[in-house]
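This report concerns only the one structure given below.
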Amino acid sequence: MDFAAGLSEHPVTAHAVGEAIGQVLEGLGGDAPPDLTLLFVTPPHGGAIEDAAAAVAATLGPRTMLGCVAESVVGGSREVEQAPAVALWAGRTGPVTPFHLRLTPTPDGNTLTGWPEMEPEGAAALLVLADPFTFPADAFLTLLEDERPGLPVVGGLASGAQAPGGNRLVVDGHVVSDGAVGAFISAGVDVAAVVSQGCRPVGEPLVITRAERNIVYELAGRPARDRLREVASALSEAARQLMAGGVHLGRVIDESKPDFGRGDFLIRNVLGGDPENGAIAVGDLVEVGETAQFQVRDAASADEDLRQLLDGRTADGVLLFTCNGRGTRLFPTPDHDAGVVTERLPGAALAGMFCAGELGPVGKRNFLHGFTASVVLFRRGLTTEE
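In this note's numbering, each number is its position in the sequence shown, counted from 1, plus 1193.
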């Protein structure tokens, strides 16, 4: 096979890495080394991630290795939450171009350093693992939209630390604590991204008729808070309780569509409202003329959303970047996202991590998300270089 994954819950790092490597070697087969390997470890193994990466490099000999410390990791159908674990993923993807980026704000804009000198043409996707404290992912995506429009960006923000300097990122033989590491994935493999935002719409789509930055004053000519009350009053008691626990607003990404459904909205939190002017604050910039619809999130909606988005998909290898607000914090049973992915994509080599923010495209644009499951699907495409 061209893709393989391994998982170990052994508390001793050397043993855990050895077990994960053994599983990958067994699944990968053949003599050719993997083009790309990803290593995810939980904080109990974080202090030894450099040794872990060295062991993976010495045994698997990957052409490129990325990795990071995450609060929880994924391997196969298992999600190991806040406990010692090592997850390892390897794939023969064709040429991969790695990098370590830093993005620095300046008076003239953002300065990006670490970009590959020889940027590959025709890349299938850009895989990014970033430190949330030192790398402004939103600014990076905005910059990339101007420079490389249409290039899918997938990955997530490291979740292994609660303060700057605590995260550890791996790029080949180096361990760093700032910026972002990642790689261009060549067109030698088919890459697709599925972003499950886990919400369901309520009410009807409404046009934003008055807004400023992240404040929505009017929806379809009436105060936004009034529209929200109208939607809530028409819901069942159970749905109203969901809204009371947190309401969201979905912005339509492609206004050219005649109808809007699952996957057409970029979901953002409603942060609060002003009873005096009837406005609501949203966790993103909005524009007059956009179509929006209120949304609710619960375990059942998140389950249904992920299952439907994976229907009809196929993959040989899968990377799962799921929010650290999912798992057993959202679902009544453990291993939910990993279980759904393995059920819908049987036989695919799966690994991943719980993130402090997930990267993935909605429509044809890339976004930083929260509470999502960003699923990266790899299929054997063109013949890889040996």
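Heads up, the beta-carbon is just placed ideally off N, CA and C, and yes, glycines get one too.
Of the residues S1567, V1267, L1218 and S1270, the one placed nearest P1255, counting alpha carbons only:
Check the Cα spacing between P1255 and each of S1567, V1267, L1218 and S1270: the tightest is with L1218.
Mind checking whether T1235 and A1207 have CB atoms under 7 Å apart?
Contact: no.
Straight-line gap, W1308 to R1418 (C-alpha atoms, nearest Å):
Each residue's alpha carbon lies about 45 Å from the other.
Out of E1448, D1331 and A1380, which has the shortest C-alpha to C-alpha gap to Q1486?
Taking only the C-alpha atoms, the option nearest Q1486 is E1448.
Taking the alpha-carbon positions, what's the D1509 to F1571 distance?
Straight across, the Cα-Cα distance linking D1509 with F1571 is about 6 Å.
What runs of the alpha helix (DSSP H), each 4 residues or longer, lie entirely inside the stretch 1432-1518?
DSSP runs (the alpha helix (DSSP H)) wholly in the stretch 1432-1518: 1492-1503.
Since D1530 and E1202 are thought to touch, with beta carbons under 8 Å apart, how far apart are those beta carbons, to the nearest angstrom?
Contact doesn't hold; Cβ gap of about 18 Å is too wide.
Which class does R1572 belong to by DSSP, given the choice of helix, strand or coil?
In this structure, R1572 counts as strand in the three-state DSSP scheme.
Give the DSSP-derived three-state secondary structure of A1280 in the structure shown.
If DSSP states are grouped into helix, strand and coil, A1280 belongs with the strands.
Less than 7 Å separating the beta-carbons of L1281 and G1199?
It is a contact, given that the beta carbons lie within the stated cut-off.
Among V1369, V1382 and T1327, which one has its Cα closest to the Cα of L1229?
Ranking V1369, V1382 and T1327 by Cα distance to L1229 puts V1382 first.
Ignore the nearest five residues each way along the sequence and tell me which others in V1569's own chain have a CB closer than 6 Å to its CB.
Only residues of its own chain outside the window of five on either side were considered, and among them V1347, A1386 and L1512 have a CB closer than 6 Å to the CB of V1569, listed in chain order.
Can you pull the DSSP bridge partners for N1303?
DSSP lists P1298 as the beta-bridge partner residues of N1303.
Determine which residues share a DSSP beta bridge with A1225 and list them.
None, per the DSSP bridge assignment.
On the three-state DSSP scale, how would you describe G1553?
Three-state result, G1553: strand.
Does L1478 pass the burial test, meaning 16 or more other C-beta atoms within 10 Å, or should it be called exposed?
Exposed: under 16 other Cβ atoms inside 10 Å.
Just confirm the distance between the C-beta atoms of G1260 and C1548, as a whole number of angstroms; I'd bet it's less than 8 Å.
Incorrect: roughly 13 Å between the Cβ atoms, too far for contact.
For A1413, which of E1483, D1452, N1360 and V1463 has the nearest alpha-carbon?
Check the Cα spacing between A1413 and each of E1483, D1452, N1360 and V1463: the tightest is with E1483.
In angstroms, rounded to a whole number, what distance separates the CA positions of G1215 and M1436?
Approximately 47 Å, taken between the alpha carbons.
State the Cα-Cα distance for the pair V1384 and R1573, rounded to the nearest angstrom.
Rounded to the nearest whole angstrom, the CA to CA distance from V1384 to R1573 is 9 Å.
Which partner residues does F1233 have in the DSSP bridge list?
Note: F1233 sits in a beta bridge opposite C1261 and A1280.
Per-residue DSSP class, three states only, for D1365:
D1365 falls in the coil class under three-state DSSP.
Please list, in chain order, all residues of the same chain as R1190 whose beta carbon is under 6 Å from its beta carbon, the five residues on each side excluded.
A question about residue 1190 goes unanswered here, because the residues of the chain that appear run from 1194 up to 1579.
Where P1232 and V1368 are concerned, what is the direct C-alpha to C-alpha distance, given to the nearest angstrom?
Contrary to the premise, residue 1232 reads as Leu rather than Pro in this sequence. In a straight line, the C-alpha of L1232 is about 12 Å away from that of V1368.
CA-to-CA distance, C1516 to P1554, given in whole angstroms
Taking the straight line from one Cα to the other gives about 16 Å.
DSSP three-state assignment for G1215, whether helix, strand or coil:
Helix.
Kindly list the residues whose CB is nearer than 7 Å to the CB of A1492, restricted to its own chain and excluding five residues on each side of it in sequence; keep chain order.
Closer than 7 Å at Cβ, skipping near neighbours: L1523, F1524 and P1525.
Give the straight-line distance between the Cα atoms of A1544 and V1267, rounded to the nearest whole angstrom.
Each residue's Cα considered, the two are about 5 Å apart.
Assuming T1521 and E1274 form a contact by the criterion Cβ under 8 Å, report the distance between their Cβ atoms to the nearest whole angstrom.
With a Cβ gap of about 6 Å, T1521 and E1274 count as contacting.
When we look at the beta-carbon of A1276 and count the other beta-carbons within 10 Å, is it buried (16 or more) or exposed?
Exposed: under 16 other Cβ atoms inside 10 Å.
Could you check how far apart the C-beta atoms of S1379 and A1316 are, in whole angstroms? I think they sit under 8 Å.
Contact between S1379 and A1316 holds: CB atoms are separated by about 6 Å, below the 8 Å threshold.
Same chain, Cβ closer than 7 Å to P1227, neighbours up to 5 away in sequence not counted:
Excluding its 5 nearest sequence neighbours in each direction, P1227 has C-beta neighbours in its own chain below 7 Å: L1221, L1253, P1255, A1283, G1284 and R1285, listed in chain order.
L1319 to D1195 span [Cα, whole Å]:
Going from the Cα of L1319 to the Cα of D1195 covers about 20 Å.
Taking the alpha carbon of A1185 as the point to measure from, which residue in R1444, S1389, L1464 and V1321 has its own alpha carbon closest?
Because the chain spans 1194 through 1579 in this model, residue 1185 falls outside it and cannot be assessed.
Between the alpha carbons of R1415 and N1559, how many angstroms are there, rounded?
A straight line joining the alpha-carbon of R1415 with that of N1559 spans about 31 Å.
Terminal residues of the alpha helix (DSSP H) in which A1385 lies:
Run containing A1385: none in the alpha helix (DSSP H); it sits in the beta strand (DSSP E), V1382 to S1389.
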